[in-house]
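Visitor:
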Amino acid sequence: MAAARKEAFSPGRIGTWLNYTILALLSLTTLYPFWYEIIASISSSRAITSGEVFLLPVEINLEAYKKLFDDGQIFRAMGNTALVTVVGTALNITLTVLAAYPLSRKKLYGRGPLLMMITFTMIFSAGMIPHFILIKSLGLMDSYFALWLPGLISTYNMFVMKSFMEGLPEEIEESAAIDGAGIWRTLVQILLPLCKPILAALSLFFAVGWWNSYFNVMLYINKSSMHTLMLKLYQMIRQVDQSLLSTEGSEGVMPIMLTPEAIKAASVIISITPILCVYPFLQKHFVKGVLIGSVKG
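Throughout, my numbering is defined as the position within the sequence shown, counted from one, plus 906.
1. Is it a yes or a no for the region 1166-1183 touching the region 934-948, going by three-plus beta-carbon pairs under 8 angstroms?
2. MET1047 and TYR1126 - do their beta-carbons sit closer together than 8 angstroms?
3. Tell me whether LEU1075 sits in a helix, a strand or coil according to DSSP, three-state version.
4. Pull up the distance between the alpha-carbon of GLU1080 and that of LEU1021, whole angstroms please.
5. Can you name the start and end residues of the alpha helix (DSSP H) that LYS1129 belongs to?
6. Can you tell me where the alpha helix (DSSP H) with THR991 in it begins and where it stops?
7. Are the CB atoms of ALA983 and GLU965 nearer to each other than 8 angstroms?
8. Can you have a look at TYR1007 and say buried or exposed, based on whether 16 or more other CB atoms are within 10 angstroms of its CB?
9. Using the C-alpha atoms, what's the distance from ASN986 back to SER1049?
10. Count the other CB atoms within 10 Å of the CB of TYR1120; is the residue buried (16 or more) or exposed (fewer)?
11. On the three-state DSSP scale, how would you describe ALA1107?
12. List the whole-angstrom C-beta distance separating THR1134 from VAL990, where the pair is believed to meet the contact cut-off of C-beta under 8 angstroms.
13. Does the Cβ-Cβ distance between MET1067 and ILE1029 come in under 8 angstroms?
14. First and last residue of the alpha helix (DSSP H) that includes ILE1039?
15. Around the C-beta of ILE1089, are 16 or more other C-beta atoms found within 10 angstroms, so that it is buried, or is it exposed?
16. Is there a Cβ from chain B that is less than 8 angstroms from the Cβ of ASP977?
17. Do the region 1098-1112 and the region 1137-1148 meet, that is, are 3 or more Cβ pairs less than 8 angstroms apart?
18. Kindly indicate which three-state DSSP category PRO963 falls into: helix, strand or coil?
19. On a CA-only basis, which of PRO1099, THR935, ASN925, SER956 is nearest THR1165? Give me that one, please.
20. Over what stretch of residues does the alpha helix (DSSP H) that includes GLY1018 continue unbroken?
21. Around the C-beta of ALA1005, are 16 or more other C-beta atoms found within 10 angstroms, so that it is buried, or is it exposed?
22. From PRO1186 to PRO1180, what does the alpha carbon distance come to, in whole angstroms?
23. Kindly list the residues whose CB is nearer than 6 angstroms to the CB of TYR934, restricted to its own chain and excluding five residues on each side of it in sequence; keep chain order.
24. Does DSSP put ILE920 in a helix, a strand or coil?
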């Protein structure tokens, strides 16, 4: 009995519990903002503005979600975002692989100068105004290609993919060549299956980037029927904000039925839900790919 009590209060055990406590507190600080957005999105605007919402929802209502979904265009915006995300991610992965594979082979002629030129693009860029002029001169306004073409390759992610491929044994390619496999067959049927972890990680990075993008859509897409979810939510938040200001300015202080804070909270939940639904299926490969990429990068 005394030995068990002594072991329970040993320095090693106390240190373990202290670590668990610190990690739990850090986890709470990470999870609480997301939890707050959930409870704020279903709380009344009065409770949000008065600061009553803290741990549990107050005066539960779904007015914020009703406001967002009353406009049927939000479903069209979701479809547009899904299209931009799927096609953009597929193009990103395809071109990243096609660039990373030859650059990962040391026997590639001119490999050094090519890597230097590619690295140069990470440091310097043309800027937003030349970019806009180029897109307009090419006739890509009001086209999703104005979003896809400039972002076909991420230099950083390409280097991560290259580093991963450099770690694959060259004997695999030599064995495939002996068996009669060409370069394309070796890449598609042999090397890419070995790259599943890093492909999953990069796919999620690309998909999240496309899903959350709104600034380029605001610049290059003028047709409201082609707007993506993020831009649509941004516009709806501004509409609520402006209507609130005009109401207060014309009629004085009035009961606040719906505030931008409630709309923002509901928008966060709506926009993040698809990513949360996809992540569990990629979690195993994602974690492994990130770890491998961080070590080899």
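Just so you know, even glycine gets a beta-carbon here, dropped at the ideal spot from N, CA and C. Here the structure is a predicted model, which is why all the values come from computation and not from measurement.
Guide: Judging by the given coordinates:
1. Touching, yes.
2. At the C-beta level, TYR1126 and MET1047 come within 8 angstroms of one another.
3. The residue you asked about is not Leu; residue 1075 is Pro in the sequence shown. It is coil, neither helix nor strand.
4. Rounded to the nearest angstrom, the two C-alpha atoms are 25 angstroms apart.
5. Boundaries cannot be given for LYS1129, as no alpha helix (DSSP H) includes it and DSSP labels it neither H nor E.
6. Per DSSP, the continuous alpha helix (DSSP H) segment holding THR991 begins and ends at 979-1009.
7. In this structure, GLU965 does not lie closer than 8 angstroms to ALA983 by Cβ.
8. Per the 10 Å Cβ criterion, buried.
9. If you take the alpha carbons of SER1049 and ASN986, they lie about 12 angstroms apart.
10. By the Cβ-count criterion, TYR1120 is buried, with 16 or more other Cβ atoms from all chains shown falling within 10 Å of its own Cβ.
11. Helix.
12. THR1134 to VAL990, Cβ: 6 angstroms. Contact.
13. Cβ distance not < 8 angstroms, so MET1067 and ILE1029 don't count as in contact.
14. Per DSSP, ILE1039 belongs to the alpha helix (DSSP H) from 1034-1043.
15. ILE1089 is exposed by the Cβ-count criterion.
16. No chain B is part of this structure, which consists of one protein chain only.
17. Between the region 1098-1112 and the region 1137-1148, the count of C-beta pairs closer than 8 angstroms stays below three; the two stretches do not touch.
18. PRO963: coil per DSSP, three-state reduction.
19. Nearest of PRO1099, THR935, ASN925, SER956 to THR1165, Cα basis: SER956.
20. GLY1018: member of the alpha helix (DSSP H) spanning 1017-1029, first to last residue.
21. Buried, because 16 or more other Cβ atoms sit within 10 Å of the Cβ of ALA1005.
22. Going from the Cα of PRO1186 to the Cα of PRO1180 covers about 11 angstroms.
23. Strictly speaking, residue 934 in this sequence is Leu, with Tyr absent from that position. Counting only Cβ-Cβ distances below 6 angstroms, and skipping sequence neighbours, we find nothing.
24. Under the three-state reduction of DSSP output, ILE920 falls in the helix class.
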